[in-house]
Every structure is written in structure tokens, then in C-alpha cells.
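Q: Got a structure here, written out as C-alpha cells. Questions coming.
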């Protein structure tokens with residue numbers, strides 16, 4: 759059974775505060791040999807996250823790429839970041855940072871969402887939670 763995990767940020771109203779958390783979740787997933795597709799709103803956010811993944815830790819490297827870059831090795835990186843509506847390569851974890859649930863969510867074994875303290879995002883997350891529940895996913899919430 760697929761599952762969805764919601765990581766609830768209690769102390770921040772900054773939507774960009776999700777990005778360092780996304781890096782930590784990707785690092786943990788990479789250490790456990792999981793592939794992750796990070797779905798973001800736009801190219802600017804993708805590039806910001808790309809930069810953070812390069813610089814987050816001095817002692818480790820998380821192999822990643824933006825979807826569409828380095829086409830010779832497309833799909834070979836542990837972490838892919840995209841904003842396009844196309845279905846990504848065959849990764850097992852979707853880290854959804856968008857306001858919508860992508861149509862291709864069902865090809866993933868696990869979905870992760872990071873929820874800032876902003877009312878707008880709390881409401882969106884409640885809608886996503888209900889949607890995943892209706893689809894029969896196993897649901898988990900984590901407070902950070």
C-alpha cells in the first residue's frame with residue numbers, strides 16, 4: 759500500500775522554510791537508497807532547491823539534477839527536481855511542494871509533503887490529506 763507523509767512545520771510561516779527540510783528528507787532517503795522526485799511550483803524554486811542540495815552539507819553529496827538537464831544521464835540521479843506537468847522517471851518517492859496533487863502521484867510508493875504554518879498551505883494540505891485518504895493511501899503526520 760502506498761503512503762503519504764505530512765511534515766508539519768509548527769514554528770514558521772515562511773514557505774521557503776520547506777526547502778532546507780526537503781534537503782534533509784532527500785538526504786535521509788538517499789542514505790536509505792531511495793530515489794526521490796521533488797515536484798515544485800516553478801523553475802526558480804527548482805533552481806533554489808538545486809543550489810541548496812549542493813551546499814547543504816560540507817561532508818556529503820546528494821546526487822541530483824533538474825529534470826531535463828544532463829540528458830545523457832537522465833533518470834540516473836538519486837534525486838530529480840522538476841516543475842513540469844510530465845510524469846517523471848521511475849522514482850519511488852514523490853516530494854510534492856506544489857499546491858496541487860500531480861496527476862502522476864500514483865506511480866510512487868510514497869508521497870511526502872511539507873506543510874508551513876501559513877493558513878493557505880494548511881488548507882491546501884488538508885485537501886491533499888482528504889484526497890490521499892479517499893485514494894486509500896496510508897497516512898502519517900510528523901510535527902517538526
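Residue numbers (our numbering): 759 to 902.
Where a beta carbon is used, it is the ideal one built from N, C-alpha and C, also for glycine.
Values in this document were obtained by computation on a predicted structure and should not be read as measured data.
Residue 821: buried (16+ other C-beta within 10 angstroms of its C-beta) or exposed?
A: exposed
Q: Who are residue 820's beta bridge partners in DSSP?
A: In the DSSP output, where bridge partners are listed per residue, residue 820 has none listed.
Q: Would you kindly work out how many angstroms separate the C-alpha atoms of residue 793 and residue 846, rounded to a whole number?
A: 11 Å
Q: Would you check if the distance between the CB atom of residue 866 and the CB atom of residue 852 is smaller than 8 Å?
A: Cβ distance < 8 Å, so residue 866 and residue 852 count as in contact.
Q: Assuming the contact rule is C-beta atoms closer than 8 Å, residue 887 and residue 897 should be a hit. Round their C-beta distance to whole Å, please.
A: 6 Å
Q: Can the beta-carbon of residue 837 be found less than 8 Å from the beta-carbon of residue 788?
A: yes
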